[in-house]
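According to this note's numbering, the sequence shown holds residues 1166 to 1487 in order.
Ideal Cβ placement from N, Cα and C applies to all residues, glycine included.
As the structure is a prediction and not an experimental result, all values here were calculated from the model.
Working notes for the structure below.
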Amino acid sequence: MPGPRVGERQQQRSAGDDEFAAAILDGLSRPHKTLPCRFFYDARGSELFEEITRLPEYYPTRTEMAILEQNAGEMTRTIPKDGVLVEFGSGSSRKTEILLRQLPQLSTYVMIDVSSTALHEAKTRLAARFPFLEVLPIAGDFSRPITLPAHLAKRHKTGFFPGSTIGNLTPSEAANLLRVFQDALSPGGRLIVGVDLKKDARTLVRAYDDAAGVTAAFNLNLLARINRELGGTFDLTAFKHKAIYNPREGRIEMHLQSVNDQVATVCGRRFRFGAGEQIHTENSYKYTLGEFEALARSTNWLPQSVWTDRDSLFSVHELVSR
Ligand code: AVJ
């Protein structure tokens, strides 16, 4: 495959650009067009996601925060003094702070994130708030096998993976990720993981198709990003945001639907979209408590405790190594 052509408006190139271009061209070349949801989070996309977390319809963030606030003591009770907290995809580390407040003696917090800006900001804030805590940022993709610094090898490790990010993966990909975490946290690791729960389809769909149109803007920003970074020619007014609940798969799906027959160019390649044709941009899997526990057991984790809110909207699971 020829390398992506550098658009005239493109000023800077980095290693990530080629990966972005390759993934987009691959997704748009398939019979059922797809775009990977990990590319939602450029600067604008991250801003829009922050806005989503404050929407009245988007219950997961505030519900999970409340579950963490109410149960942080129990969640952290088995973490020893010289223990290590490892967060996968730490972002702003706001949820972690709830746990850290219960852990005045914790020695080390390892934060793994693709965004070095997010890592730097969070490290600065946490260093000021928790002066005795060793904060170790690791820039990278948490889904790749992770090697932690050698001095942590024998220390007890608790992984933290909130936000139901695990829901973006298919159940079999999620199982693989749980194995990657198990390897990174061994021997004797423990994992605190946030998982969105199955509930009525109406509540689910509204959380992904809000009245203010923020989720629509978030979804469409993917095309805007392709236009900005890959010299794309997508007409943003000719695609509509769709969110549906697929009960057979147990997932919310987001799509971008072409309003009419049209062509868009990306990296000098032309892609045709029929009227009504959809680009599948995200899956967000929902689990019952039992389904997630079974998934965890299939990977050798042992479900130990689970915390939910009174309306059973969201769950936080504690898994231990067996
Ligand atoms: C960050 C993956 C948990 O699936 O709820 C929010 C992303 N997409 N609204 C989710 C998202 C649309 C979110 N996660």
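Under the three-state DSSP convention, the category residue i falls into
i	result
H1482	strand
Q1422	strand
Q1427	strand
Q1270	coil
R1174	At R1174, the pLDDT of 38 sits below 50, so the modelled position is not reliable; the number obtained from the coordinates is stated separately. Reduced to three states, the DSSP call for R1174 is coil.
T1453	coil
P1468	strand
K1405	strand
R1475	coil
Spatially closest choice to residue i from the options, by CA coordinates
i	options	result
M1419	R1413, L1388 and H1445	H1445
K1363	R1413, P1314 and A1389	R1413
S1477	D1361, N1236 and L1268	D1361
D1365	Y1410, E1338 and F1326	Y1410
L1268	G1248, S1463, A1293 and M1276	G1248
L1467	E1483, D1474, R1475 and F1479	E1483
I1217	V1275, L1395, V1485 and A1372	A1372
H1285	K1405, I1263, F1297 and S1257	S1257
V1251	K1322, G1441 and E1394	K1322
S1351	E1212, K1198, R1487 and I1189	R1487
P1310	Q1347, S1449 and E1299	Q1347
S1463	L1421, A1340, A1304 and T1402	A1340
Pairwise C-alpha distance: residue j and residue i
i	j	result
G1324	V1379	31 Å
K1451	D1375	18 Å
D1474	T1398	45 Å
D1207	R1390	8 Å
I1232	W1472	7 Å
S1423	L1388	12 Å
F1479	Y1224	9 Å
R1170	Q1427	Here the model assigns R1170 a pLDDT of 39, short of 50, so the residue's position is not dependable and the matter cannot be decided.
R1156	R1195	An answer regarding residue 1156 cannot be provided, because it is not within the stretch 1166 to 1487 covered by the chain.
R1437	D1400	13 Å
Enclosing alpha helix (DSSP H) for residue i [first to last residue]
i	result
L1220	First-last for L1220: undefined, no H or E at that position.
F1307	Here F1307 belongs to no alpha helix (DSSP H), and DSSP marks it neither H nor E.
F1244	Residue identity check: residue 1244 is Ile in the sequence provided, not Phe. Counting along the chain, I1244 falls outside any alpha helix (DSSP H), and DSSP gives it neither H nor E.
I1391	V1379 to L1395
Strand pairing of residue i, partner residues [DSSP]
i	result
N1124	The structure shown has nothing for residue 1124, since the chain only spans 1166 to 1487.
T1261	Per DSSP, none; premise fails for T1261.
H1445	T1199 and H1420
Residue interval of the beta strand (DSSP E) (run including residue i)
i	result
F1325	K1322 to F1326
V1360	R1355 to D1361
V1116	With the chain covering only 1166 through 1487, there is no way to say anything about residue 1116.
F1438	R1434 to F1438
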